[in-house]
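Peer 1: Those sequence lines, one after another, are chains W and V.
First residue of the first sequence? That's 1 in my numbering, and the numbers climb one at a time after it.
First residue of the second sequence? That's 87 in my numbering, and the numbers climb one at a time after it.
Encoded as C-alpha cells, here's the structure I'll be asking about.
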Amino acid sequence: MIHACTYPNNEILTAFGLFASLYTAMGVAHAMQGPPRKWRSRIVLLTLTLAFTAASHVAAFLLALLLSIGLMAYLAVGRRAYIAPS
Amino acid sequence: MAATIGTLLLVFASYDFSPDAFSYFFRSGAGRIAFSLEPARHWLLSLPNSARHPGRGHRPIALLANPRSRYFGNTVPLCLALLFFFLVTTGISSEPTLWALPFLLTFIAGVFADFLETRYRRVFLALTGCLLALQVTLSLRVLPWN
C-alpha cells in the first residue's frame, strides 16, 4: 500500500474510492433512519465517492454500486423503498 | 438512485461531455470480473506481507471468540476483504488485492480495538507492537529508494 501511494496510479484511488463508497453508503443507510433533511449532504458525499471510483475503475464502480445497494437494503430497515424507487 | 445518476453525470463531465468518449466507459469491457485463488495466493506468499499473516490469522479466531464489536462491525470488512482477494479483473490489468487492503486494515483495527478492552490488553499490545515493527521493517526494505 505504501508503494502504491508513492507514485500516481488509479489503483490507490480505486482502493480508497471503493472503501469510501461502501462506508458512505452505510452512513446514508443509517441516516435514513432519521429525518430526510439529514439525507441530502450524505447522498452528495456518496455521489462524489462513487464518481471518484467510477473515474478510476469501471469494475470497481459496478462492484461499489451493487455492494452499496446490498448494504443499504440490509441496513435501511423500513426505508428500503427509498433506495431504488419503482 | 440519485447518487447513481449524479455519479454518471460526474463521469460524463470527466469525459468533457463527449458522448462518444463517455460511451467507451460502457463499451470498453473494462468492467469484466472473475474470481480466482491466484491473487490471494500471490499476496499471501509475498515477503513484505508476511508479518501480517500471524495477525490476520488469529483475528478471525478472535472475532469468533469476541463477536460483540464496540465501535463498528468487523464482519462486513472481513467479508469485503475476502471478496476482493479472490477477484480478478479480466477486462483490464488491475490489483484487486490492493482494493482489499483498506477493508482488511479496518477489520484488524476493529478486532484490535475490541480486544484492547479485555483483560489481555497488555499482552495484546506487546504482540501487535512486535508485528507492526516487523511489518514496517519488511515494507521499508522493499521500497525503491533510488
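C-beta: ideal position from N, C-alpha, C; glycine also.
#1: Distance, Cα to Cα, L229 (chain V) vs R37 (chain W)?
#2: Could you work out which residues of chain W lie near S104 (chain V), taking near to mean beta carbons separated by less than 7 angstroms?
#3: Is T204 (chain V) helix, strand or coil by DSSP?
#4: In whole angstroms, what separates the C-alpha of V40 (chain V) from that of F210 (chain V)?
#5: Taking I178 (chain V) as part of the alpha helix (DSSP H), name the residues at either end of that continuous run.
#6: Given this structure, state the Cα-to-Cα distance separating F76 (chain V) from L184 (chain V), to the nearest angstrom.
#7: For I12 (chain W), report the span of its alpha helix (DSSP H) as first-last.
#8: To the nearest angstrom, report how far apart T161 (chain V) and C5 (chain W) are at their CA atoms.
#9: What three-state label does DSSP hand A195 (chain V) in the structure shown?
#10: Which residue from W:L75, W:L66 and W:A55 puts its Cα closest to that of Y101 (chain V)?
#11: W237 (chain V) touches chain W at which residues, Cβ-Cβ below 7 angstroms?
#12: Going by DSSP, name the residue or residues bridged to I119 (chain V).
#13: L125 (chain V) to S180 (chain V), Cα distance in whole Å?
#14: Under DSSP, the alpha helix (DSSP H) around P105 (chain V) begins and ends at which residues?
#15: Nearest CA to the CA of W129 (chain V): which residue from V:D106, V:L187, V:L218 and V:R205?
#16: Identify whether H57 (chain W) lies in helix, strand or coil by the three-state DSSP scheme.
Peer 2: Inspection of the coordinates gives the following:
#1: Whole-angstrom Cα-Cα distance: 47 angstroms.
#2: Result: empty, since nearest Cβ-Cβ is about 14 angstroms, beyond 7 angstroms.
#3: coil
#4: What is shown of chain V runs 87 to 232, which leaves residue 40 (chain V) out entirely.
#5: Segment: none, I178 (chain V) is in no alpha helix (DSSP H) and carries neither H nor E.
#6: Residue 76 (chain V) lies beyond the residue range present for chain V, which begins at 87 and ends at 232; the question has no answer from this structure.
#7: N10 to A31
#8: Near 27 angstroms, if we compare the C-alpha coordinates of C5 (chain W) and T161 (chain V).
#9: helix
#10: W:A55
#11: Because chain V here runs from 87 to 232, residue 237 (chain V) falls outside it and cannot be looked at.
#12: Note: I119 (chain V) sits in a beta bridge opposite V:T175.
#13: In the sequence under discussion, the amino acid at residue 125 (chain V) is Pro, which differs from the Leu named in the question. So the two alpha carbons sit approximately 11 angstroms from each other.
#14: P105 to R113
#15: Closest option to W129 (chain V), judged by alpha-carbon separation, among V:D106, V:L187, V:L218 and V:R205: V:L187.
#16: coil
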